[in-house]
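This report concerns only the one structure given below.
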Amino acid sequence: YDPSLMKRFKNWFLGDDTSEEGEGEGHPNGTEALNEADHTAAASGGFGAQTFASPRDDVYDVPPALPPRRGKRGGEQRPQPIGRRTSWIRRGRPEALVPVPPGQVIEDITPECFAIDVLSAKHPVELDFSGQGYRLRSLEGLRSLRDGALARLDVSDCVLEQLAGIEGFFALEKLIANGNKLRHVMLAFPRLRILELRNNELDAIPDLRGVGSLVELDLSFNKMDGTLQGVAFCPRLRVFRVAGNSFSWDRYKLVDNLTHIHALKKLSQLDFSDNPFVDSIEDYRLWVLSNMPGSLDLLDGW
56 YDPSLMKRFK NWFLGDDTSE EGEGEGHPNG TEALNEADHT AAASGGFGAQ
106 TFASPRDDVY DVPPALPPRR GKRGGEQRPQ PIGRRTSWIR RGRPEALVPV
156 PPGQVIEDIT PECFAIDVLS AKHPVELDFS GQGYRLRSLE GLRSLRDGAL
206 ARLDVSDCVL EQLAGIEGFF ALEKLIANGN KLRHVMLAFP RLRILELRNN
256 ELDAIPDLRG VGSLVELDLS FNKMDGTLQG VAFCPRLRVF RVAGNSFSWD
306 RYKLVDNLTH IHALKKLSQL DFSDNPFVDS IEDYRLWVLS NMPGSLDLLD
356 GW
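Convert by adding 55 to the 1-based position in the sequence shown; the result is the number in my numbering.
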């Protein structure tokens, strides 16, 4: 460390080319004057400067270092290059089915029905065969899709008698099959949340042990009779509709079936309307409401 070289560098940096001869004690450009000016600037805190003392008590202003950016997990985050997009915008999914020409009816699923390459799709797709010229007789054509390729399926207003062909779609979240000819249904979809089977020919509550994640279940306008014991396998159920069926319970059977529903602590909507027991049991609403969990908001739509 050479103090004389450091003084010369300071004089050059401040624009003063005086030689060492003019510098000394009492000179305005001397060491004491410079030290005093530097100490004054440091005391004012200009630009958040950090001060470091040299062996001669000279003070030099050093700009503060920026702290490294921290990620969500505490690690240092690398700086992003200018112009790189750091946010991802989800784009709308294209239509998966080819529009059916007017006057034409499609009864079987073939590869020509798909507008996109469903086999190579990176995300589960949604297929809607309702009201688009499709009158499907079976779903066997869906077996060509890979497991997990289907998220939502609507096959309403077809002539299906069974749902064979969709067993491997473990990612299925919504299944709508209203207005068909279904009599017996076997379901095993662990992620299924919405199931609608209105206007079919079901004669009993389906086996619900394979759809324990159901939130909404609509079995209205079928031919069901018997008990509601299978509903207890769906503890997350919030909406349960069995309107327009053939349940003909007396007061004691009504109470027995309400015990199965009472286990559904999150149930908020229940629909028993247009069943024979609704008109035959006096004070029907009072019996139901007194045996239901406190979360129930709507009974028979009101």
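Don't be surprised by glycine CBs; every beta carbon is placed ideally from N, CA and C.
Original post:
By how many angstroms is the C-alpha of PHE169 removed from the C-alpha of SER211?
Top reply: As a working note, residue 211 is residue 156 in the sequence shown. As a working note, residue 169 is residue 114 in the sequence shown. So the alpha carbons of these two residues sit roughly 18 Å apart.
Subject >> Nonlocal neighbours in the same chain, by C-beta distance under 6 Å from ASP209, ignoring five residues either side >> reply: Reading the sequence shown from its first residue, position 154 is the one you call residue 209. These residues qualify, in order along the chain: ASP183, SER185 and ILE231.
**OP:** Grab me the residues of ILE161's own chain with a C-beta within less than 8 Å of its C-beta, minus the 5 sequence neighbours each way, in chain order.
**Re:** As a working mapping, residue 161 is identified with position 106 in the sequence shown. VAL155, CYS168, GLY188, TYR189, ARG190 and LEU191.
**OP:** Alpha carbon to alpha carbon, how far is ASP355 from LEU344? Give it in angstroms, no decimals.
**Re:** As a first step, residue 344 is located in the sequence shown; it is residue number 289 there, counting from the start. As a first step, residue 355 is located in the sequence shown; it is residue number 300 there, counting from the start. So the two alpha carbons sit approximately 11 Å from each other.
Original post:
Does the distance from the C-beta atom of LEU250 to that of LEU272 stay below 7 Å?
Top reply: For this step, residue 250 is matched to residue 195 along the sequence shown. For this step, residue 272 is matched to residue 217 along the sequence shown. Result yes, Cβ atoms of LEU250 and LEU272 sit closer than 7 Å.
Original post:
Between SER268 and ARG253, which are expected to be in contact by the criterion C-beta below 8 Å, what is the C-beta distance as a whole number of angstroms?
Top reply: As a working note, residue 268 is residue 213 in the sequence shown. As a working note, residue 253 is residue 198 in the sequence shown. Their Cβ separation, rounded to whole angstroms, is 20 Å, which puts SER268 and ARG253 out of contact at 8 Å.
Subject >> DSSP state of GLY196 mapped onto helix, strand, coil >> reply: Taking the first residue of the sequence shown as 1, we reach residue 196 at position 141. Correct three-state label for GLY196: helix.
**OP:** For MET241, I'd like the list of residues in its chain whose CB is within less than 7 Å of its CB, leaving aside the five on either flank, ordered along the chain.
**Re:** For the purposes of this step, residue 241 is taken as residue 186 along the sequence shown, with counting starting at 1. Only ASP262 meet the Cβ criterion.
Original post:
Anyone know if the C-beta pair for ASN346 and PHE302 falls short of 7 Å?
Top reply: Locating residue 346 in the sequence shown gives position 291, where the first residue counts as 1. Locating residue 302 in the sequence shown gives position 247, where the first residue counts as 1. No, the pair does not count as a contact, with Cβ atoms beyond the cut-off.
Original post:
Helix or strand or just coil, what does DSSP make of MET241?
Top reply: Within the sequence shown, the letter at position 186 stands for residue 241. In the structure shown, MET241 sits in a strand (DSSP, three-state: E or B).
**OP:** With a threshold of 16 other CB atoms inside 10 Å of the CB of ASP311, please say whether the residue is buried or exposed.
**Re:** Mapped onto the sequence shown, residue 311 falls at position 256. Result: exposed.
**OP:** Measure how close the beta-carbons of PRO348 and LEU309 come, nearest whole angstrom, since I'm counting them as under 8 Å.
**Re:** Locating residue 348 in the sequence shown gives position 293, where the first residue counts as 1. Locating residue 309 in the sequence shown gives position 254, where the first residue counts as 1. With a Cβ gap of about 16 Å, PRO348 and LEU309 do not count as contacting.
Original post:
Does the distance from the CB of LEU292 to the CB of LEU322 come in under 7 Å?
Top reply: On the sequence shown, position 237 is the one that residue 292 refers to. On the sequence shown, position 267 is the one that residue 322 refers to. Going by beta carbons, LEU292 and LEU322 fall inside the 7 Å limit.
**OP:** For GLY223, I'd like the list of residues in its chain whose CB is within less than 6 Å of its CB, leaving aside the five on either flank, ordered along the chain.
**Re:** Start at 1 with the first residue of the sequence shown, and residue 223 comes out as number 168. Excluding positions up to five away in sequence, the list reads ASP202.
Original post:
Just the Cα atoms here: how many angstroms apart are PHE64 and ASP57?
Top reply: Here the question's residue 64 lines up with position 9 in the sequence shown. Here the question's residue 57 lines up with position 2 in the sequence shown. Answer to the nearest angstrom: the Cα atoms are 11 Å apart.
**OP:** List the endpoints of the continuous alpha helix (DSSP H) containing PHE276.
**Re:** Numbered from 1 along the sequence shown, position 221 holds the residue referred to as residue 276. DSSP places PHE276 in no alpha helix (DSSP H); its state is neither H nor E.
Original post:
What's the C-alpha gap between PRO149 and GLU181?
Top reply: Within the sequence shown, numbered from 1, the residue matching residue 149 stands at position 94. Within the sequence shown, numbered from 1, the residue matching residue 181 stands at position 126. Because PRO149 sits at a pLDDT of 49, beneath the cut-off of 50, its placement in the model cannot be relied upon, and the point is left open.
Subject >> CYS213 to GLY234 span [Cα, whole Å] >> reply: Taking the first residue of the sequence shown as position 1, residue 213 is located at position 158. Taking the first residue of the sequence shown as position 1, residue 234 is located at position 179. Taking the straight line joining both Cα atoms gives about 7 Å.
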